[in-house]
Amino acid sequence: MVSEEIRTKALELARAIVGSEEYQNFIEKEEVLKNDEEAQNLLVEFQDLQQQFISYQLSGEMNEDVLNRLTEIQKALNERESVKNFMEAYNRLLDLLQEVSDILSEEMEFDLGEVYRR
Numbered sequence: 001m002v003s004e005e006i007r008t009k010a011l012e013l014a015r016a017i018v019g020s021e022e023y024q025n026f027i028e029k030e031e032v033l034k035n036d037e038e039a040q041n042l043l044v045e046f047q048d049l050q051q052q053f054i055s056y057q058l059s060g061e062m063n064e065d066v067l068n069r070l071t072e073i074q075k076a077l078n079e080r081e082s083v084k085n086f087m088e089a090y091n092r093l094l095d096l097l098q099e100v101s102d103i104l105s106e107e108m109e110f111d112l113g114e115v116y117r118r
């Protein structure tokens, strides 16, 4: 169970992150992406085709048509401004969270990314 002090500090950190430029930008770009109907349609089709492709792989088959369409959709998504902006904001938020994790690891002299302690 988490002590009250740690819980309080964790909540303060969460609030600071939510108030950060990186987080606010991410939320803004996420909303733009959600409202991009064409991007949403492409994402749904991409996810459906991914599932089909995985099914083919698991059964030992290869479907070039599905693979080609996945590649086409990925290219179309990568060209959409809403997707590019979202991915950039997402990566900046991940960088912030990684930096926070690195600070904790350094201060604790423990790599949070490792499965085991030294």
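For what it's worth, our numbering labels the leading residue of the sequence shown as 1, then goes sequentially. Note that beta-carbon positions come from the ideal geometry of N, C-alpha and C, so glycine has one too.
key: 8 Å contact criterion, which Gln-20 and Leu-96 should meet: CB distance rounded   = Correcting the residue type first, residue 20 is Ser in the shown sequence and not Gln. About 6 Å; that satisfies the 8 Å criterion.
key: Backbone CA spacing between Glu-5 and Leu-43 [nearest angstrom]   = 42 Å
Residue span of the alpha helix (DSSP H) that contains Val-44, given as start and end = 37-58
inquiry  = With the cut-off set at 7 Å, would you say Val-83 and Ala-39 are in Cβ contact?
reply    = yes
request  = May I ask you to report which of helix, strand or coil DSSP gives Met-62?
outcome  = coil
message = Taking 7 Å as the threshold (C-beta atoms), are Ala-89 and Asn-35 in contact?
response = no
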